[in-house]
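So in full-length UniProt numbering, spot 229 of the sequence shown is number 229, and the numbers just go up one at a time. Cβ atoms here follow ideal geometry from the backbone N, Cα and C, with glycine treated the same way. Being a predicted model, the structure only gives us computed values, none of them experimental.
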Amino acid sequence: MARKTHGTRDFGKSGNWVLLTKKPIKNIRLNKGNLTRKQQLILIELLAELMNNGFTFQESLVFIKKLHPKMMSKINQQEMSLKKGQLLHQFFQGLGFPKILVAQLKLAENHGDFNGTLKSLEGQMAMQASQRQQGVKVLSYPLCLLLFLVIILLLMKCVLLPQLSYLHQGASQGNLGLWVIESGPWVLGGLLLLALGGYGVIHLIFRHLPAIFKYQFLAKLPVFGKFIQLFLTAFFAQEWGKLLNQGLELKQVIALMKGTGSTQLMEEIAISLESHLKSGRRLHRQIKEWGFFSKELAVIIQQGEAKGKLGAELEIYSQLVTRRFNNRLLVFFNIVQPIIFMLVALLIISVYSGLLLPIYQEMDGF
């Protein structure tokens, strides 16, 4: 019967790899040897499958390198760091995995359910890839139509309108179609530059702000704020639930959220919770005040603490919120695409009306 592994202490044989060290290696180069998103998904999928069938972490990597030689040099580079004492989550960090995924692996090193976390990450990454594809499908065709329309407008403005100017004398005033032809490209270009400039300014300002403040602001945005709220709620509920189910106390969970491998938001939340708990403030009250978690999370924490089943309740609630997030995203895509099509259609109709109506009026004059 295949031997299954359930923690981070059984990934090598005969102690060949020192995966858990008290002091993590510093100055690890994370900008070289990054895997592509597709390669990262393949790596996680194969690791989850192999380790759940009894392979050790080292054996799994050997097998993966045989199947995917293109990843061999990048994996070998991180294997050398593992042998020198690098922590396991830093292995994935060195391959360019997003911080939010690395943070989950860091916590898995402590709660012991590493295989379960790999399986969870596999599902998350596959879902994200599917959502990106869905987003591309929803936006690509309308955006191509919009680009084609802009090119047509420029050609009409530069080539066609000068030749038909005698038909449009006196008709341009109040004519939406002619206004779109004459001003449309400049308006669209100006809006694009304004959007890019606004994004750049906001990015520069946000970069120096505390993460808690940033997510409080983002959670208040119309439409997108709800997505932020659901995502953060599902993520933290899942990780807190796993750690509490492994028998850790709340203070230990908060301590694990700080340090190497954690995101800026995780560290700030941990520091804030630690401070409030020392002053005697209840956890659910602080969770409720932040605003970037759902109100239900505070209620579940309050009731779970009283019943003594907080870990199990948080894990179940995380699954429900994840499904809610995915369903909401699907509805959003289904609404956005028709709206974009209608806007493009209105622009096309206005352009044709601006060109053809004066011509028909001239024909009626004969």
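Counting only the same chain and skipping the five closest in sequence on each side, list residues whose C-beta sits under 7 Å from that of residue i.
i: Pro210; result: Glu268
i: Asn31; result: Model confidence at Asn31 stands at a pLDDT of 46, short of 50, so the residue's coordinates are unreliable; what they give is reported in the following sentence. Closer than 7 Å at the Cβ level, and outside the excluded window around Asn31, lies no residue.
So, does the CB of residue i fall closer than 8 Å to a CB anywhere in chain C?
i: Gln131; result: Of the protein chains in the structure, only one exists, and it is not chain C.
Return yes when the Cβ of residue j is within less than 8 Å of the Cβ of residue i, no when it is not.
i: Leu230; j: Arg328; result: yes
i: Ile300; j: Leu273; result: no
i: Ser60; j: Leu50; result: yes
i: Leu121; j: Leu101; result: yes
i: Leu149; j: Ile340; result: no
i: Gln78; j: Phe91; result: yes
i: Ala129; j: Thr117; result: no
i: Gly241; j: Ser318; result: yes
i: Asn115; j: Asn52; result: yes
i: Met266; j: Ala103; result: yes
Pull up the CB-CB distance for residue i and residue j, whole angstroms please, since I reckon it's below 8 Å.
i: Phe292; j: Leu250; result: Their Cβ separation, rounded to whole angstroms, is 20 Å, which puts Phe292 and Leu250 out of contact at 8 Å.
i: Tyr215; j: Ile205; result: The Cβ separation is near 15 Å, so there is no contact.
i: Leu256; j: Leu243; result: 7 Å
i: Gly304; j: Leu320; result: No, Gly304 and Leu320 are not in contact; Cβ-Cβ is about 14 Å, not under 8 Å.
i: Thr322; j: Ala195; result: With a Cβ gap of about 31 Å, Thr322 and Ala195 do not count as contacting.
i: Ile316; j: Ala298; result: Contact flag wrong, Cβ pair sits at about 16 Å.
Alpha carbon to alpha carbon, what distance is there between residue j and residue i?
i: Lys38; j: Lys295; result: 35 Å
i: Ala2; j: Gly54; result: Note that Ala2 scores a pLDDT of 40, beneath 50, so its modelled location is shaky and nothing firm can be said.
i: Leu35; j: Met125; result: 14 Å
i: Ile152; j: Asp113; result: 58 Å
i: Leu105; j: Pro69; result: 25 Å
i: Asn245; j: Ala312; result: 7 Å
i: residue 382; j: Leu221; result: The question about residue 382 has no answer, for the chain in this structure spans 1 to 366.
i: Val136; j: Gln238; result: 29 Å
i: Ile44; j: Lys119; result: 8 Å
i: Val62; j: Met127; result: 27 Å
i: Lys309; j: Leu283; result: 15 Å
i: Asn326; j: Gly225; result: 15 Å
i: Pro142; j: Gly190; result: 20 Å
i: Leu193; j: Gln337; result: 23 Å
i: Arg29; j: Ser81; result: With a pLDDT of 42 at Arg29, under the threshold of 50, the modelled position of that residue is not reliable, and no figure is offered here.
i: residue 429; j: Ser275; result: Outside the modelled stretch of the chain, which goes from 1 to 366, sits residue 429, for which no answer is possible.
i: Ile147; j: Leu188; result: Here residue 147 turns out to be Leu, not Ile, going by the sequence shown. Computed Cα separation, rounded: 10 Å.
i: Ser140; j: Phe217; result: 29 Å
i: Glu289; j: Gln264; result: 19 Å
i: His208; j: Gly200; result: 13 Å
i: Ile202; j: Ala219; result: 16 Å
i: Val159; j: Val344; result: 22 Å
Go through its chain and collect everything with a Cβ distance to residue i's Cβ below 6 Å, but skip five positions before and after it.
i: Leu154; result: Pro185
i: Leu46; result: Ile64
i: Leu346; result: none
i: Ala48; result: Leu118, Lys119 and Glu122
i: Gln134; result: Phe333
i: Ala270; result: Ile254, Met257 and Lys258
Enumerate in chain order the residues of its own chain whose CB-to-CB distance from residue i is below 8 Å, with the five nearest sequence positions on each side excluded.
i: Leu41; result: Glu122, Met125, Ala126 and Ala129
i: Gln252; result: Leu243
i: Asn27; result: Residue placement at Asn27 cannot be trusted, given a pLDDT of 39 that sits under 50; what the coordinates show is reported in the next sentence. Nothing meets the Cβ criterion.
i: Gly247; result: none
Report whether the distance from the Cβ of residue i to the nearest heavy atom of the ligand MG is below 7 Å.
i: Phe148; result: What this structure holds is no ligand at all, so the ligand MG is not there to describe.
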